[in-house]
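A quick write-up on the structure given underneath.
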Amino acid sequence: MQKSSAPRSYLVLENYIGGKFVSCQNHIDSYDPSTGEVYCKVPDSGKEEVDAAVEAAKEAFPDWSARSPQQRADILNKLADLIEASVEEFAQAESRDQGKTVTFARTVDIPRSAYNFRFFASSVLYHTNDCTQMDHMGCLNYTIRCPVGVAGLISPWNLPLYLLTWKIAPAIASGNTVVAKPSEMTSVTAWMMCKLVEKAGVPPGVVNIVFGTGPKAGDALVGHPDVPLISFTGSTATATHITERSAPHCKKLSLELGGKNPAIIFADADLDQCIQTTVRSSFSNQGEICLCTSRIYVERSIYSEFLERFVAAAKKWKTGTPSDPSNSNGALISKEHLEKVRSFVALARSEGGIIHCGEGVHELDLPQRNKSGYFMPATVISAISDSSRVMQEEIFGPVTCVSLFDTEDEAVSKGNCVRYGLAATVWSRDVGKIHRMANRLQAGLVWANCWLVRDLNLPFGGMKNSGVGREGGKDSYHFFTEVKSITVKH
Ligand code: NAD
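One gets the working numbering by counting positions in the sequence shown from 1 and adding 19 to each.
What follows is the structure, given as structure tokens:
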């Protein structure tokens, strides 16, 4: 990130604090990943801006938390309506800011952002609390849940509006007010949403958005003594820092982190369905989804057939200009990230891995204006050891590795041999095998014969280094509220 003062011809974003757009003195360059050109200036906020946002959120809290869930739900539904009415505008902006295809933004990111508000507007109406009787003591026990106060929300660049709203919606539905900090690399759609927040009738100070870098704006939010809760989605390395930084304040933390997700493919799988879905699970959104498959283990008897058909399908996964609907992938987020992803392919090559397609095997045919963009074709690697960094570390790009196994036990131990535990997919027609594998794989989410099918009621999150806590219908409600146990002697 280079710093500079804001010139005239760029899109210049402002913070949204206490219901007002507030300009910032310094800005950060934000790039269009498909051209490599700076097109937007993002506020380079720090402690001062975060303090102002927290003050606004504190002021708004008493009124907002006193409203009924139905009153809050009505406003959330209105916000969902407004986003839905502007899907195209948001999709174009998300694509330009992040590099993903317009098609992906139009069909996944933006509809899901609207649905996040709609879902939590509805689910917050139906939670129930516990009640127990102690007749021998003449006591009745029950629980209530209260909003926590000002929630600090920090989100990454891969699904910008989708993941930000996944936090804002449950936080405000439960009666909290929020200070959110989106990724400095993808701030535009959050800024666009602020205009709709006001229109939907969200009172000033309930939603505050402060833009800026992690070490400055993010750190000020995490270290703020009046922000008792942080919901963070991002890398495991940043989460470690956030955990340390918030420890002196005993903050409530929800950490949704990286993954190194295996697909386990048994010989009895429906291969047509499996190959089609596994190409999608490996390369969707340029492989920049925490849930993407990056290690594919195939039972030995079908390994050769699988590899041949999988590589053929990967070659058809087209990469190019994000606005072209015939492309499945657009550009990666940044030059640095592209270099990092490429370095894993180079490492695999140096370790004797076979690169079947993609990086270094075939060139992309890009229009002139996209030649400086951060594009990389879908890449399939085999013959790489399980202990290689390529098989152990999160690459977060359009790269997947194929390997083999002989027995169910071996598939489990290979699936579990990384420090992450976010998601896994299992492919088989044997129901018993599916249940056994789902039970033994160390992953917060297991999909059998499918991928990315999500019921937002279910807990979302990872184990091991993939996270702490779960978010989703009841889990988000529990995270964004504090429970009290009350005993009444009668
Ligand atoms: P990142 O950790 O670099 O940044 C995430 C956010 O944290 C950004 O807003 C950033 O500005 C902020 N941040 C950075 N340093 C900070 C600090 N010291 N204090 C406070 N905030 C700080 O992650 P990224 O590169 O933006 O996102 C990619 C990562 O996110 C991948 O590891 C991916 O797997 C993970 N991810 C996880 C999920 C999930 O649900 N488990 C979903 C999407 C992405």
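All C-beta atoms, glycine included, are put in the ideal place defined by N, C-alpha and C.
Look at residue 278: its beta carbon is less than 7 Å from one of the heavy atoms in ligand 1. For residue 351, the shortest separation between its Cβ and any heavy atom of ligand 1 does not lie below 7 Å. A distance criterion of 7 Å places the beta-carbon of residue 174 in contact range of ligand 1, judged by its closest non-hydrogen atom. Assigned with DSSP and collapsed to three states, residue 48 falls in strand. Beta-bridge partners of residue 419 (DSSP): 399. Comparing alpha-carbon positions, the option among 290, 245, 283 lying closest to residue 269 turns out to be 245. Here residue 200 is buried, its C-beta having at least 16 other C-beta atoms within 10 Å. Distance between residue 47 and residue 150, taken at the CA atoms: about 52 Å.
Beta bridge pairing from DSSP links residue 198 with 171, 227.
Inclusion of residue 316 and residue 352 in the CB contact set at 8 Å is not warranted, their separation being larger than that value. Under the three-state reduction of DSSP, residue 58 is assigned to strand. Under the DSSP assignment, residue 309 falls outside any alpha helix (DSSP H); it carries neither an H nor an E label. Taking the Cβ of residue 201 as the reference point, at least one heavy atom of ligand 1 falls within a distance shorter than 7 Å. Here the segment 131-144 lies against the segment 487-501, with 3 or more beta-carbon pairs under 8 Å apart. A Cβ-Cβ distance of about 13 Å is found for the pair residue 457 and residue 482, leaving them out of contact under the 8 Å criterion. Distance from the CA atom of residue 105 to the CA atom of residue 99, rounded to whole angstroms, is 10 Å.
Selection 167, 251, 503, 194 evaluated against residue 179 yields 251 as nearest (Cα-Cα). One Cα belongs to residue 300, the other to residue 290, and the distance between them is close to 15 Å. Where residue 35 is concerned, the enclosing beta strand (DSSP E) starts and stops at 34-36. Annotated three-state conformation of residue 40 is strand, per DSSP.
Segment contact: the segment 79-92 against the segment 422-439, fewer than three CB-CB distances shorter than 8 Å; contact not assigned.
In the three-state scheme derived from DSSP, where H, G and I count as helix and E and B as strand, residue 152 is classed as strand. The way I'd put it, the segment 34-49 does touch the segment 212-232; three or more beta-carbon pairs between them come closer than 8 Å. Collapsing the DSSP output to three states places residue 237 in a helix.
In the structure shown, residue 353 falls within a coil segment according to DSSP collapsed to helix, strand and coil. Under the DSSP assignment, residue 165 falls in the beta strand (DSSP E) whose first and last residues are 158-166. With respect to residue 172, residue 188 sits apart: the two C-beta atoms are not nearer than 8 Å.
Classified as buried, residue 437 has 16 or more neighbouring CB atoms from the shown chains inside 10 Å of its CB. Set against 7 Å, the gap from the CB of residue 238 to the closest heavy atom of ligand 1 is smaller.
If you draw a straight line from the Cα of residue 469 to the Cα of residue 295, it is about 10 Å long. According to the DSSP secondary-structure assignment, residue 440 is paired through a beta bridge with 482.
Exposed is the label assigned to residue 477, since fewer than 16 other Cβ atoms lie within 10 Å of its Cβ. Rounded to whole angstroms, the gap between the alpha carbons of residue 88 and residue 343 is 43 Å.
Secondary structure note for residue 83: its alpha helix (DSSP H) is the uninterrupted segment 66-85. Residue 218 and residue 322 have their C-alpha atoms some 55 Å from each other. Distance between residue 232 and residue 496, taken at the CA atoms: about 28 Å.
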